[in-house]
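Participant: There's a structure below that I have some questions on.
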Amino acid sequence: MFKKFDNDCEDMVADPIRRRAKIALITKRRPFIFCCVMLVFVCAAVTMFEGGKAGIGGVFGAAICWGIYLYQEIYLYLLKVIDLLQKDKDGKPTA
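Heads up: the sequence shown begins at 541 in the numbering used here, then just goes up one per residue.
Encoded structure:
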């Protein structure tokens, strides 16, 4: 099921140009995702403290949003580490 995603990810990591493009895309997208996650979190907190039954669903939604945000952060970190390991001592790409 995830075979195509795994193959695409391996190809992207092996190609330094595509890897740097993906790093730039995630870095540019990160503040927007964080603002959305915080908005969902605040809405969930408000509905939870109002005492409605929808508060549980909001908390669950906020947890899912935080999971997606953390996944993007870890993915960005791994891409940066791979990019750093692919450079030689002078800081120039080896490929």
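Think of the CB as a built atom: it goes at the ideal place given N, C-alpha and C, for glycine as much as any other residue.
Quick one, are the C-beta atoms of A602 and F581 less than 7 Å apart?
Facilitator: For the purposes of this step, residue 602 is taken as the residue at position 62 of the sequence shown. For the purposes of this step, residue 581 is taken as the residue at position 41 of the sequence shown. The answer is yes: Cβ separation under 7 Å.
Participant: Is the Cβ-Cβ distance between I557 and L616 less than 7 Å?
Facilitator: Along the sequence shown, one-based indexing puts residue 557 at 17. Along the sequence shown, one-based indexing puts residue 616 at 76. Not a contact, by the Cβ cut-off of 7 Å.
Participant: How long is the line joining the alpha carbons of K627 and K620, rounded to whole angstroms?
Facilitator: As a first step, residue 627 is located in the sequence shown; it is residue number 87 there, counting from the start. As a first step, residue 620 is located in the sequence shown; it is residue number 80 there, counting from the start. Their backbone Cα atoms lie some 11 Å apart in a straight line.
Participant: When you compare the CB positions of D609 and I573, do they come within less than 7 Å of one another, or not?
Facilitator: Numbered from its first residue, the sequence shown carries residue 609 at position 69. Numbered from its first residue, the sequence shown carries residue 573 at position 33. The sequence as given places Tyr at residue 609; Asp does not occur at that position. In contact: Y609 and I573 (Cβ atoms closer than 7 Å).
Participant: Return the Cβ separation of V586 and W606 in integer angstroms, given the expectation that the two are a contact with Cβ distance under 8 Å.
Facilitator: Within the sequence shown, the letter at position 46 stands for residue 586. Within the sequence shown, the letter at position 66 stands for residue 606. At roughly 17 Å, the Cβ-Cβ gap does not stay under 8 Å, so V586 and W606 are not in contact.
Participant: Which value, in whole angstroms, describes the spacing of the CA atoms of G597 and C575?
Facilitator: The residue given as residue 597 occupies position 57 in the sequence shown. The residue given as residue 575 occupies position 35 in the sequence shown. Cα to Cα, the separation comes out at about 20 Å.
Participant: Is R569 buried or exposed, if buried means 16 or more other CB atoms sit within 10 Å of its CB?
Facilitator: Taking the first residue of the sequence shown as position 1, residue 569 is located at position 29. Label assigned to R569: exposed.
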